[in-house]
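**Q**
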Amino acid sequence: MGRGRIQLKRIENKISRQVTFSKRRSGLLKKAHEISVLCDAEVALIVFSTKGKLFEYSTDSSMERIIERYERYSYAEKRLNMTEDESQEKWNLEFPQLVARIELLQRNIRNYVGEDLEPLSLRELQSLEQQLDTALKRIRTRKNQLMHESISELQKKERSLQEQNNVLVMKVKENEKHHHGQHTHQQNSSNFVFPRHLPQTLGPPSLTIGGGFESAGGRNEQGGGDHRTIPNSTSLMPPWLLRDANQ
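Numbering (numbering that gives the first Met the number 0) for the sequence shown: 0 to 246.
(1) Does the distance from the CB of L124 to the CB of N110 come in under 7 Å?
(2) Taking the alpha carbon of D59 as the reference point, which residue from N164, A40, E117 and Y72 has its own alpha carbon closest?
(3) Using only the alpha-carbon positions, how far apart do K52 and R141 sit?
(4) Within 10 Å of its beta-carbon, does A134 have 16 or more other beta-carbons around it, so buried, or fewer, so exposed?
(5) Drop a sphere of 10 angstroms on the beta-carbon of A99, count the other beta-carbons inside from all chains shown, and report buried for 16 or more, exposed for fewer.
(6) Identify every residue that forms a DSSP beta bridge with V252.
(7) For S61 and V42, which I take to be in contact (beta-carbon distance under 8 Å), what is that distance rounded to the nearest angstrom?
(8) So, at 6 Å on beta carbons, what are the nonlocal neighbours of V171 in its own chain, with the 5 sequence-adjacent residues on each side left out?
(9) I need the straight-line Cα distance from Y69 to I14, nearest angstrom please.
(10) Could you tell me the boundaries of the alpha helix (DSSP H) in which R23 lies?
(11) Rounding to the nearest angstrom, what Cα-Cα distance links R122 and I101 in this structure?
(12) Going by beta-carbon coordinates alone, are E55 and I45 separated by less than 7 Å?
(13) Quick check: the Cα distance between Q154 and N143, rounded to an integer number of angstroms?
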């Protein structure tokens, strides 16, 4: 007789159930590995025991990558299987919600600029005021931040320009000092230039005893026919000596 077919149902005996789980689990993991190697397939196997213990197997690819691929495939499959009627029904449900959302945003914008405030209650007005105060604080904070950044940038530029100005001033002073030194040197050199022709000096007057007085130019200074020598105050001889010489 052939072997009878085992009826699949829950094993009531706890010990037998645990033994069967251990054997079948090992066989399942072995089969998953075999099909992965023989058929070059990506296999991901996840098993939880009755006590909540996890047993898993995956091919060379990680378990997360295989699950992510499965989710993408399932989503695409659902999109393809969705009929036109279901899609139209979905859009019919979403359209009123989108319209209501747009109207709410437009009303909020009008309220922010001070329009359509009549339908608002006291609590709604207080909430709107608080929102505007918060928005103004954020705006002022951002404005002050930009102003401080701008001032800091201008101060950096000012320091840079001041440094460049100082460098230029130093260069100008060095050039002026250099030119002044050259001018002084040239002036001192010109003071030591000797003249080309020395002036002729007049020699001392010559005196001829018994004759007239000859000046430096070689002329006899005589008066009329008298051969008396005219005394010259510039003569180097005393007057009494001249009188004796003429006598």
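Note that beta-carbon positions come from the ideal geometry of N, C-alpha and C, so glycine has one too.
**A** A quick look at the data gives this:
(1) Walking along the sequence shown from the start, residue 124 turns up at place 125. Walking along the sequence shown from the start, residue 110 turns up at place 111. No, they are not a contact pair.
(2) Translated into positions along the sequence shown, residue 59 becomes position 60. Considering only alpha carbons, the answer is A40.
(3) For the purposes of this step, residue 52 is taken as the residue at position 53 of the sequence shown. For the purposes of this step, residue 141 is taken as the residue at position 142 of the sequence shown. About 55 Å.
(4) Counting from 1 along the sequence shown, the entry for residue 134 is found at position 135. Burial call: exposed.
(5) Reading the sequence shown from its first residue, position 100 is the one you call residue 99. So A99 ends up on the exposed side.
(6) Missing from the structure shown is residue 252; the chain here goes from 0 to 246 and no further.
(7) Numbered from its first residue, the sequence shown carries residue 61 at position 62. Numbered from its first residue, the sequence shown carries residue 42 at position 43. Their Cβ separation, rounded to whole angstroms, is 12 Å, which puts S61 and V42 out of contact at 8 Å.
(8) Within the sequence shown, the letter at position 172 stands for residue 171. If you ignore the 5 residues before and after V171, its C-beta comes within less than 6 Å of no other C-beta in its own chain.
(9) Here residue 69 refers to the residue found at position 70 of the sequence shown. Here residue 14 refers to the residue found at position 15 of the sequence shown. Computed Cα separation, rounded: 36 Å.
(10) Mapped onto the sequence shown, residue 23 falls at position 24. Here the alpha helix (DSSP H) through R23 covers K13 to C38.
(11) In the sequence shown, the residue the question calls residue 122 occupies position 123. In the sequence shown, the residue the question calls residue 101 occupies position 102. In a straight line, the C-alpha of R122 is about 23 Å away from that of I101.
(12) By one-based count along the sequence shown, residue 55 stands at place 56. By one-based count along the sequence shown, residue 45 stands at place 46. The Cβ atoms of E55 and I45 lie closer than 7 Å to each other.
(13) If you number the sequence shown from 1, residue 154 lands on position 155. If you number the sequence shown from 1, residue 143 lands on position 144. Those two C-alpha atoms are separated by around 16 Å.
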